[in-house]
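For the record, the sequence lines run as chains A and B. The first sequence runs contiguously to residue 376 in our numbering. The second sequence runs contiguously to residue 1429 in our numbering. Where a beta carbon is used, it is the ideal one built from N, C-alpha and C, also for glycine. This report concerns only the one structure given below.
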Amino acid sequence: MSEFVLTDHPALDALERDIASAILGADDEAALEQVRITALGKKGTVSELLKSLGGMSPDERKVMGPAINGLRDRVQGLLAARKETLKAAALEARLATERVDVTLPVREAPAEVGRVHPIAQVTEELVAIFADMGFSVAEGPDIEDDFHNFTALNFPPGHPAREMHDTFFLPPDESGTRKVLRTHTSPVQVRTMMSKAPPIRVICPGRTYRCDSDQTHTPMFHQVEGLVIDKGSHLGHLKWILEEFCKAFFEVDGVKMRFRPSFFPFTEPSMEVDIQCDRSRPGEIRFGEGNDWLEILGCGMVHPNVLRNCGLDPDVYQGFAWGMGIDRIAMLKYGMSDLRAFFEADVRWLSHYGFRPLDFPTLAGGLSA
Amino acid sequence: MKFTYSWLQEHLEPTASFEEIVERLSLIGLEVEGVEDKAKDLSAFVVGEILTAAKHPNADKLQVCSVSIGAGEPIQVVCGAPNARAGLKTVFAAPGVTIPASGTVLKVGKIRDVESRGMLCSARELGLSEEHDGIMELPADAPAGAKFAEVIGLDDPVVEIAVTPNRADCLGVSGVARDLAAAGLGELMNPRIKPVDGAFPSPVTARLDFGDTPALCPAFALRVIRGVKNGPSPQWMQDKLRAIGLRPINALVDVTNFMTFDRNRPLHVFDAKKVSGDLVVRRARPGETLLALDGKTYTLDETMCVIADEKGVESLAGVMGGEESGCDEATTDVVIESALWEPINIAQTGRKLGLNSDARFRFERGIDPAFTLPGLDLATHLILDICGGEPSEVVLAGAVPDTTRTIAFPLTEVKRLTGLEASETEMREVLTALGFTVSGTAPVLDVVPPSWRGDIEGKADLVEEVVRILGLERVPSTELPRSDDARKPILTALQRRSRKARRALAARGLVEAVTWSFVSHREAELFGGGAPALALSNPIAAELSDMRPSLLPGLIRAAKANADRGFPDAALFEVGQTFAGDRPQDQHQIAAGVRHGTAKPFGSGRHWSGAAGSVDVFDAKADAVAALAACNAPVANLQVTADAPSWYHPGRSGTLRLGSNAMAHFGELHPAVLEALDVDGPLVGFEIVLDKIPEPKAKPTKVKPQIDLSAFHPVQRDFAFLVGRQVPAADILKAAQGVDKKLVTAVGVFDVYEGKGIDPDKKSVAVEVTLQPRERTLTDKEIEEVAAKIVAEVTKKTGATLRA
């Protein structure tokens, strides 16, 4: 663009050299504009030359026309190029003054600060797993009556099995019924069976209460129970469901389970379930490997008396139930060591063990991913 | 329930190893809680013979001993025990061995310049007793080098099992043996108990006297043995009792304890000479007292059953005997009692008196009624063998009840309830081995449970017996397919709302807490609760006495606790239940939160970009609105009223409502409430009643309304109104919006000003109104017309004037 073209017109060449040098010498856009006016303005040197073409003979014009027009085009090109250069330099100079310290910390996004409590998160994990197996979620009141918490569940009045539950009592209501804080979520099963016709598949997560407090017991804790009632579900199905649950919940390919006969008033046969684990590493339990056993839940076939108490014929309907501590399985999965800390609302603990608000547990995306 | 392996072997001839037995116990429902095997624990300790013992050259109280452990050279050990002497057989531990009591690992050491290559041990160092006067002295014939535990008979592991409340029969070793035999681990040894011929009529008789109240004792049997010589019981009996943690007392008492654990047959012995007249089994009279064998005096009432003589109460039936008529070394004539008691009554009595005993534990679970008289005979044999004497005839008051019942047992029931395939032969064998009488033929058998299995009610119980003995591992894991129903949401609307509110609040930077459902009475009262119906009768602590009427007291308490730990800017929320009464419908699902100090939504504390200010009512309002919006509440249609419950600041709080339905409260906490809770402000909070949020009407399809995208630019116009200070800004917005609901698409407040230049009773509220033309661009004239209407309407509704 900016090369000098030697013509046969030394005067034009000289003019072109002067303009070019003026363009290159312009340090800002204003100076450059002055140069442009001097050359290409109404009375500019190049403009005057162009005007002079009108007074030339055709032969002369034939020679000078291209020469002068060529000069004008080259000057315009030089001006445009210089303008770009000056603009870029100006921008660069401006940018050079606009530096900030990007290492300065930003405020954390609220969604990075907020947390969901492990109990809520684990409950959602449970719901995700069991929803996939066709279960819905049933809930019931924390303040229960003796019938729903005990009698319907085949705890005879005065029976020693009632003593296994350290029950919180409330004063009797107007009808003289003594209220209790539910000692388990089983009354929700009773309410479900009394209000809904089989087939039933529900899980019942919720708060439960026992007047007990030490390192491993808190007066309030959380249970989830499951209930299946239909005309054919048996212990083998219960085994399968619990195996599927353990694999999904602990996110392992396989886990050995050991079913031991036990006793609960509301199931017959009754069992406790141990799962395979490895406790050889300090402060860590791995499931699905090792030679150790850890008890995680109780279960059994719903007792015929319970079915009868809920208006179901035990020769027609059958089913099973299981129950476990949500806090306990949360501790096992995520490694919290002290149950009491769940309820102390220490923001340090909650930030550490809590879950980010957008980490929804899903089977598609991974429960704890 | 504890027993030793050798004790078990008196009832079971095992065909399996000890390890197999221990594993199987858990798998048939007798969960092993622990195995204490001293022989294993002490296997490194051997018998050492002190060959020579010489005074330590540099210490007066130490000796340098040369100890033989059979093979090899004698070992030099420095020992400080006064009884270390040449010729003594004692316990030697070599370097590398861990001393049980201290946990220290022995090393070769130098004690005052003399090398010591091991240790001679006291009983305390071995964890065997508190004895520490010197090193253990073993029998002279103990072979040097032999395992110490075997030499003194410690090679008898103690097994502890957890017996479930339904299995009272396994509270005796014989019952455990029966289960194991049924499971194929050995042969049950069950020798017939020879009836005892009474040599004379019992000089003490007994009668039941419950008047016209329900009897608390079906059967009460006794016999006198006269001419006994009471003293320490034989070594074998003492060893057994000690092994399971009981203290031997004297032969007569030890026999009753032995019978309790061997056969689950609690008995009581009275010194016949201390009994005045005949025994009466009756209800206690109110205020009667008994000095029991535990040395405590109990005051009784008419709900309790006692055994009394002419002097008064001698024993608390089925729970504990009395000190006065107890047997001691001077006893020559003994009354042995074998009785049946009402289980629930025993449980209630024990609970009321706070009195636990091995007898109570068993009677309240139910013992074998048919063993009442054989148990008495077996105890008689033991006493005659140990103490001599002459037995009387048996006196029986009441009658041993016949508990025989027949259960129709369809063999298909096992498969139906468990999926387990078991043959008829297997099922019959299991039941028979457990003592059930099986008759009849398939498909329905007649099964009579044994007298000791009071827990067996029906066929489901028989299914359990069959599967637990055959092994639950045989039950096949069977897939439970989903039903063919279409997949539908499984959560209720309230469950969905709870989840959405939780995530929305956490996304605003609040941290979810789970606080107790109970608060103190004072806290309950401050937050609108405190009714007597919601006060726990047996709270675990005074500050956890009342069911919470609100989530705020727990959250405020938590915020304070965090501040006390040095974290004063907590933003906490909880999603949980509150209690307005004790009925199910009085329980509400609430999402509530608090912000303390400078816990603003976009960060707390100081920051280079600008320090966070104190939390204020609008932070709480924003939280509440965000959670409501997440729950699909019609946020745009909510009214905001300046009335909130008494625990909020009266001038800086509000309620979000739809008509009369108050869905949320928010605001600064009342200063008096904060003071009562001993918390420093600023502290704001909100409460959302999740169960009061209306659900949008169900629609037949998920199609959203067609969107109306206007091709014309919206137009903004600003207005500054002067209004009375008490006029809510919402009224201005509502009036402006109401002018033309189609054209006016948004009204916002961009400035509020009070102060200099303005009448002190007024404020200036600047609003921006957005007009959205739909068919064509608005002319200036049209815009002016709408603007004039807006001014007129706002003026009419609020008394505002346009600010000059």
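query: CB contact check: residue 286/A to chain B, cutoff 8 angstroms; result: no
query: Alpha carbon of residue 175/A to alpha carbon of residue 314/A, nearest angstrom; result: 26 angstroms
query: C-beta atoms of residue 716/B and residue 701/B nearer than 8 angstroms; result: no
query: 8 angstroms contact criterion, which residue 228/A and residue 332/A should meet: CB distance rounded; result: 6 angstroms
query: Identity of the residues DSSP links to residue 224/A by a beta bridge; result: 221/A
query: Range of the contiguous beta strand (DSSP E) that encloses residue 186/A; result: 185 to 188
query: Residue from 1420/B, 1116/B and 864/B whose Cα sits closest to the Cα of residue 141/A; result: 1116/B
query: Cα-Cα separation, residue 144/A to residue 1328/B; result: 28 angstroms
query: Own chain, CB closer than 6 angstroms to residue 219/A, minus 5 neighbours either side, in chain order; result: 173
query: Chain A contact for residue 1159/B (CB, 8 angstroms cutoff); result: yes
query: Proximity to residue 891/B [Cα-Cα], best of 962/B, 850/B and 899/B; result: 962/B
query: Test: residue 329/A CB closer than 8 angstroms to a CB of chain B; result: no
query: Closer than 9 angstroms at the beta carbon, the chain A residues around residue 1175/B; result: None at all; the shortest Cβ gap to chain A is about 15 angstroms.
query: Simplified DSSP assignment, three categories, for residue 630/B; result: helix
query: Test: residue 201/A CB closer than 8 angstroms to a CB of chain B; result: no
query: Proximity to residue 1137/B [Cα-Cα], best of 1195/B, 1178/B, 675/B and 1081/B; result: 1195/B
query: Chain A contact for residue 1172/B (CB, 8 angstroms cutoff); result: yes
query: Contact set between residue 263/A and chain B, taken where Cβ atoms lie within less than 7 angstroms; result: Going along chain B, no residue has its Cβ under 7 angstroms from residue 263/A, so there is no contact; the nearest lies around 10 angstroms.
query: Residues of its chain near residue 925/B, where Cβ-Cβ distance is below 6 angstroms and the 5 sequence neighbours each way are ignored; result: 909 and 913
query: Nearest neighbour of residue 1171/B, chosen from 832/B, 1036/B, 693/B and 1142/B [CA to CA]; result: 1142/B
query: Beta-carbon gap between residue 1020/B and residue 841/B smaller than 8 angstroms; result: no
query: Within-8 angstroms CB hit, residue 7/A to chain B; result: Lying outside 8 to 376, the shown extent of chain A, residue 7/A is not represented and no answer is given.
query: Cutoff 8 angstroms: residue 1303/B Cβ touching any chain A Cβ; result: no
query: Segment contact flag, the stretch 984 to 996 of chain B with the stretch 916 to 931 of chain B, C-beta cutoff 8 angstroms, min 3 pairs; result: no
query: Residue environment, residue 1222/B, which counts as buried when at least 16 other CB atoms sit within 10 Å; result: buried
query: Helix, strand or coil at residue 201/A [DSSP, three-state]; result: helix
query: Exposure label - residue 923/B; buried when at least 16 CB within 10 Å; result: buried
query: Which residues DSSP lists as bridging residue 1212/B, in chain order; result: 1204/B
query: Contacting positions in the stretch 241 to 257 of chain A - beta carbon closer than 7 angstroms to chain B; result: 241, 242, 243, 244, 246, 247, 248 and 250
query: Beta-carbon contacts of residue 1051/B that lie in its chain and below 7 angstroms, excluding the five residues immediately before and after; result: 1095
query: Within chain B, partners of residue 115/A - CB distance below 7 angstroms; result: 1228
query: Integer Cβ distance of residue 19/A from residue 78/A, believed to fall under 8 angstroms; result: 6 angstroms
query: Closest by C-alpha distance to residue 1240/B, when choosing among 1234/B, 1232/B and 1219/B; result: 1219/B
query: The stretch 1387 to 1394 of chain B contacting the stretch 1343 to 1361 of chain B, beta-carbon criterion three pairs below 8 angstroms; result: yes
query: Among 273/A, 297/A and 245/A, the one whose alpha carbon lies nearest that of residue 280/A; result: 245/A
query: Beta-carbon proximity of residue 90/A to residue 36/A, cut-off 8 angstroms; result: yes
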